[in-house]
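Engineer:
In my numbering, the protein residues as written are 108 to 367.
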């Protein structure tokens, strides 16, 4: 069936991360956003990147998703390094490339950590839990409803794209990368039927979610267990340490503890 070909980020598995409360995981995503902007040096980014890898292993994260999102940003990484050092490179000063790479190392690590942690956490939250978690954190109902709807529409779009692509093959419209220009043209020919199919199914999906009370009903998620509190307090402690390093409140420097 075509639906079996649709790549899904969520994986229903029995792991310690899957068992955590969705409110905790959503809060960690928000906390990660502030951490990336407040962490002062690349050493602090290295710490959260390593923790992200541990989280990915514990959650049995689908590595194809991580590698795909990381590969998408490779041109950005190269641009961050090559463009600032462009003048020095034209002058033959290749040492400037190393200096620029070192200066942008923090940003590359931040991007990497954000990809690994966000994919790892989102791969353990289904669409319903995502909506319930946002409502449990007192997000406005319309925001939680919109995010849950968009999450579902993503898979609807992928499913329709595969279905229509299979149907168009009968008419000779094949998406083959061997001919790049024909691939782009055929992609445009498929995109319009996919758009209209999603526009047709979108209101139906929205109405079904509204009938189930997603806009009005507040979920009863209960309290946090020991694992939820442990993960939450650990994340808050790491954030507090990074914040202390940012404003010089710590009696030590993380760079002095990392032998590099």
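Just so it is clear, CB atoms sit at the ideal spot from N, CA and C, and this is done for glycine as well.
As the structure is a prediction and not an experimental result, all values here were calculated from the model.
Within a Cβ cutoff of 7 angstroms, which residues of the same chain sit near residue 258, ignoring the five residues on either side of it in sequence?
Structural biologist: Residue mapping note: residue 258 aligns to position 151 of the chain shown, counting from 1. The answer, listed in chain order, is 234 and 237.
Engineer: Assign residue 139 to one of three DSSP states: helix, strand, or coil.
Structural biologist: Translated into positions along the chain shown, residue 139 becomes position 32. If DSSP states are grouped into helix, strand and coil, residue 139 belongs with the helices.
Engineer: Measure how close the beta-carbons of residue 216 and residue 168 come, nearest whole angstrom, since I'm counting them as under 8 angstroms.
Structural biologist: On the chain shown, position 109 is the one that residue 216 refers to. On the chain shown, position 61 is the one that residue 168 refers to. That pair is no contact at about 18 angstroms.
Engineer: By Cβ distance below 8 angstroms, which residues in the same chain neighbour residue 176 in space, the five residues on each side in sequence not counted?
Structural biologist: In the chain shown, residue 176 corresponds to position 69, counting from 1. The answer, listed in chain order, is 222 and 226.
Engineer: For the alpha helix (DSSP H) containing residue 239, list its first residue and its last residue.
Structural biologist: For the purposes of this step, residue 239 is identified with residue 132 of the chain shown, where counting begins at 1. Counting along the chain, the alpha helix (DSSP H) containing residue 239 begins and ends at 234-243.
Engineer: Excluding five sequence neighbours on each side, which residues of the same chain lie with their C-beta closer than 8 angstroms to the C-beta of residue 117?
Structural biologist: If you number the chain shown from 1, residue 117 lands on position 10. Here the set comprises 229, 230, 231, 232, 233 and 234.
Engineer: Touch check for the segment 311-318 and the segment 116-136: three-plus C-beta pairs under 8 angstroms?
Structural biologist: The segment 311-318 is not in contact with the segment 116-136.
Engineer: Have a look at 317, 260, 301 and 262 and flag the residue whose alpha-carbon is nearest the alpha-carbon of residue 275.
Structural biologist: Position 168 of the chain shown, counted from the start, is the residue given in the question as residue 275. For residue 275, the nearest C-alpha among the options comes from 301.
Engineer: Which first and last residues belong to the alpha helix (DSSP H) in which residue 221 is found?
Structural biologist: By one-based count along the chain shown, residue 221 stands at place 114. Counting along the chain, the alpha helix (DSSP H) containing residue 221 begins and ends at 212-229.
Engineer: Could you give the distance in angstroms between the alpha-carbon of residue 212 and the alpha-carbon of residue 184?
Structural biologist: What you label residue 212 is simply residue 105 of the chain shown in a count that begins at 1. What you label residue 184 is simply residue 77 of the chain shown in a count that begins at 1. If I take the Cα positions, the gap works out to 9 angstroms.
Engineer: Does DSSP put residue 327 in a helix, in a strand, or in coil?
Structural biologist: Counting from one through the chain shown, the residue named residue 327 turns up at place 220. Coil, per DSSP.
Engineer: Please report the residue range of the alpha helix (DSSP H) in which residue 349 lies.
Structural biologist: Start at 1 with the first residue of the chain shown, and residue 349 comes out as number 242. Element bounds for residue 349: 333-353.
Engineer: To the nearest whole angstrom, what separates the beta carbons of residue 131 and residue 339, a pair I think is in contact under 8 angstroms?
Structural biologist: Here the question's residue 131 lines up with position 24 in the chain shown. Here the question's residue 339 lines up with position 232 in the chain shown. Residue 131 to residue 339, Cβ: 5 angstroms. Contact.
Engineer: Whether or not the segment 341-351 and the segment 133-141 are in contact is what I'm after, with contact meaning three or more pairs of Cβ atoms, one per stretch, closer than 8 angstroms; do they touch?
Structural biologist: Flag = yes, the segment 133-141 and the segment 341-351 touch.
Engineer: Round the Cβ separation of residue 306 and residue 252 to the nearest angstrom and send it over; I've been treating them as touching at under 8 angstroms.
Structural biologist: The sequence position of residue 306 within the chain shown is 199, counting from 1. The sequence position of residue 252 within the chain shown is 145, counting from 1. Contact doesn't hold; Cβ gap of about 18 angstroms is too wide.
Engineer: So, helix, strand or coil for residue 279, using DSSP?
Structural biologist: In the chain shown, residue 279 corresponds to position 172, counting from 1. Residue 279: coil per DSSP, three-state reduction.
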